Amino acid sequence: MTKDQPGAAIEPIVKQFDAVAPAGPKWLQPLRKAGIVCFAELGFPTLRDEDWRFTNVAPIEKLPFVPAKEIAANGAESQLLGKAAFTKLSGNRLVFVNGFFSAKLSNLTPANKGVRIENLSTALAKDSALIEKHLGKYAKTAGNSFAALNQAFFSDGAFIFVPQGVEVAEPVQLIYISSAKHNGETIQPRNLIIAEANSKLTVVESYISTNGTSYFTNAVTEIVAGDNASLEHVKLQDEAGNAFHVATIAGEFGKTSNVNVHSCALGAKISRNNIRTKLAGEGLECVLNGLYLTKDDQIADHHMIVEHAQPHCASHEYFNGILDDKSKGVFHGRIYVHAIAQKTDAKQTNKNLLLSDDATADTKPQLEIYADDVKCTHGATIGQLNDESIFYLRARGIPENTARRMLIHAFAGEIVERVKCAAVREELDKIVWDRLEASKHLA
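Quick look at the structure:
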């Protein structure tokens, strides 16, 4: 089998797993083995796979799979961190370089009230009983070869645990810095976030890089929200322009909980977010909210499934894309309503703004409903700036360039304003504003 043939990249990865003894407690080894077996069976997805027919990951498959090495953080990482998004926020901060925890760059205060904020490898070595109950239970490997690959190879990540009735007042930051020096270096973080009943937590997860090599980030974040918990998760993906980024965000939420998951995709040559949420308790509300800004030949793909497994739940998905040059945006959202899930209220919206004649968008909102007393809607739009809206503003004395700027910023602002945490929202708004202002269409 030659390197360019389908499946040629799988065998070396499997051999690599067999040659290295994976780290972790004894109970983790069968989980890792199951991951590599699943990956070997599935292989990398192709355009023939329905869930991947708009995004070609052949460039990822052709990369040499070289696990990134742990390095000592130097001036480049410190300098990047000094100007990175969210780092001026107060609160605990876990920093990882090439997927490995950096105590030097992190900022952790002593935990109280039973809260645990630490790196996963330390938590596994110290007290893994709680982790064993949850790790791998939500990010299913069936049908997800990238989650299976992560399950086999992950070395570190974040572990956050908030006990029942406890509020963590300040956002917890998870910052992943790539300092990959060679093409094909692979970073596979694993995060586990648990917010027990009646707790409150905000987590900000960021991905940035010190250089522009063609490295690969394959991340998995599992989120558990107990009954009546309030949890907000904000993810910023701003990887290098030649990098590749695939992430799985999987969660299960209890009754009357309130969970908001936000995704902002700015960087990487190809990025994909697989979001899976199970609404496992009655009366909860879940919001999935996302913004993708692409240029050059970037591809930003969001694929999600919201599973309504209990009655009286509400889910709302809002995803906006602003696409420039020859870039591409992909949205595939599926709302699955079980027969038991009566009184479901579900809404799904995807809007794409094309700034260039060469930019494209593929959108596929879906509803799969087995209950008969529900309110479910979905919709999608693809187009350029509305001439009538520009004319409306110009008729009120606003110059055309200013009118365009106002409309584009407002389109992005629809998503940003849904972030509940004020400090995080303001910082994200500034990032998006600056990125849009750098566009030739707003200059």
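Numbered per my numbering, the sequence shown spans residues 177 to 619.
By construction, the Cβ of each residue, glycine as well, lies at the ideal position given by its N, Cα and C atoms.
Treat the numbers as computed from the prediction; the structure is a model and nothing was measured.
Extent of the continuous beta strand (DSSP E) run through residue i
i: residue 165; result: The requested residue 165 is not part of the displayed model; the chain covers only 177 to 619.
i: residue 507; result: 504–513
i: residue 489; result: Segment: none, residue 489 is in no beta strand (DSSP E) and carries neither H nor E.
i: residue 323; result: Looking at the DSSP string, residue 323 is not in any beta strand (DSSP E); the run it does join, the alpha helix (DSSP H), is 321–329.
i: residue 263; result: Element bounds for residue 263: n/a, residue is neither H nor E.
i: residue 367; result: 366–371
i: residue 361; result: 361–363
Exposure label - residue i; buried when at least 16 CB within 10 Å
i: residue 180; result: Note that residue 180 scores 49 on pLDDT, short of 50, meaning its location in the model is unreliable; the coordinates nonetheless yield the value given after this. It is exposed - the Cβ of residue 180 has fewer than 16 other Cβ atoms within 10 Å.
i: residue 266; result: exposed
i: residue 527; result: buried
i: residue 506; result: buried
i: residue 231; result: buried
i: residue 188; result: exposed
i: residue 472; result: exposed
i: residue 295; result: buried
i: residue 500; result: buried
i: residue 221; result: buried
i: residue 248; result: exposed
i: residue 194; result: exposed
i: residue 577; result: exposed
i: residue 277; result: buried
i: residue 245; result: exposed
i: residue 372; result: buried
i: residue 602; result: exposed
i: residue 546; result: exposed
i: residue 510; result: buried
i: residue 269; result: buried
i: residue 437; result: buried
i: residue 332; result: buried
i: residue 544; result: exposed
i: residue 516; result: exposed
i: residue 288; result: exposed
i: residue 452; result: buried
i: residue 275; result: buried
i: residue 429; result: buried
i: residue 191; result: exposed
i: residue 504; result: buried
i: residue 593; result: exposed
i: residue 441; result: buried
Element boundaries [alpha helix (DSSP H), containing residue i]
i: residue 310; result: 305–310
i: residue 192; result: 186–195
i: residue 338; result: That residue, residue 338, is in no alpha helix (DSSP H); its beta strand (DSSP E) goes 334–338.
i: residue 578; result: 576–592
i: residue 613; result: 598–613
Residues bridged to residue i [DSSP beta-bridge criterion]
i: residue 349; result: 269 and 380
i: residue 391; result: DSSP lists no partner for residue 391.
i: residue 142; result: Here the chain covers residues 177 to 619 and nothing more, so residue 142 does not appear.
i: residue 522; result: 491 and 552
i: residue 277; result: 272
i: residue 283; result: 269
i: residue 292; result: 337
i: residue 354; result: 385
i: residue 253; result: BP columns for residue 253 are empty, so no partner.
i: residue 343; result: 376
Query raised in the report: Should the segment 332–346 be regarded as contacting the segment 221–241, the criterion being three or more beta carbon pairs within less than 8 angstroms?
Result: The segment 332–346 is not in contact with the segment 221–241.
Query raised in the report: Are the segment 356–376 and the segment 219–227 touching, with three or more C-beta to C-beta distances below 8 angstroms?
Result: They do not touch, by the three-pair rule.
Query raised in the report: Using 8 angstroms as the threshold, is the segment 367–381 in touch with the segment 304–315, meaning 3 or more CB pairs across them?
Result: Counting Cβ pairs under 8 angstroms, three or more are found: they touch.
Report task. Entirely within the segment 396–484 and at least 3 residues each: give me those beta strand (DSSP E) ranges in chain order. Result -> With a minimum length of 3 residues, the continuous beta strand (DSSP E) runs that stay inside the segment 396–484 are 406–413, 420–429, 434–441, 446–455, 461–470 and 475–484.
Report task. Run through the segment 528–558 for me and flag every whole beta strand (DSSP E) of 3 or more residues, listed as ranges in chain order. Result -> At a cut-off of 3 residues, the continuous stretches assigned as beta strand (DSSP E) that sit fully inside the segment 528–558 are 536–545.
Query raised in the report: Per the contact definition of three or more C-beta pairs closer than 8 angstroms, is the segment 405–414 in contact with the segment 270–283?
Result: No, the segment 270–283 does not touch the segment 405–414.
Query raised in the report: Using 8 angstroms as the threshold, is the segment 467–483 in touch with the segment 446–454, meaning 3 or more CB pairs across them?
Result: Inter-segment contact for the segment 467–483 and the segment 446–454 is present: three or more beta-carbon pairs are separated by less than 8 angstroms.
Query raised in the report: Can we say the segment 197–213 touches the segment 321–336, given the rule of at least three CB pairs closer than 8 angstroms?
Result: Because the criterion of three Cβ pairs below 8 angstroms is met, the segment 197–213 and the segment 321–336 touch.
Query raised in the report: Does the count of Cβ pairs from the segment 388–403 and the segment 418–435 closer than 8 angstroms reach three?
Result: Touching, yes, given that three or more Cβ pairs across the two stretches are closer than 8 angstroms.
Query raised in the report: Enumerated in chain order, which unbroken segments of the alpha helix (DSSP H) with a length of 4 residues or greater are wholly contained in the segment 190–246?
Result: The segment 190–246 contains these whole alpha helix (DSSP H) runs: 204–218 and 234–237.
Report task. Report yes or no: do the segment 453–470 and the segment 561–575 share at least 3 C-beta pairs separated by less than 8 angstroms? Result -> No contact exists between the segment 453–470 and the segment 561–575.
Query raised in the report: So, do the segment 430–439 and the segment 453–464 have three or more beta carbon pairs nearer to each other than 8 angstroms?
Result: A contact exists between the segment 430–439 and the segment 453–464.
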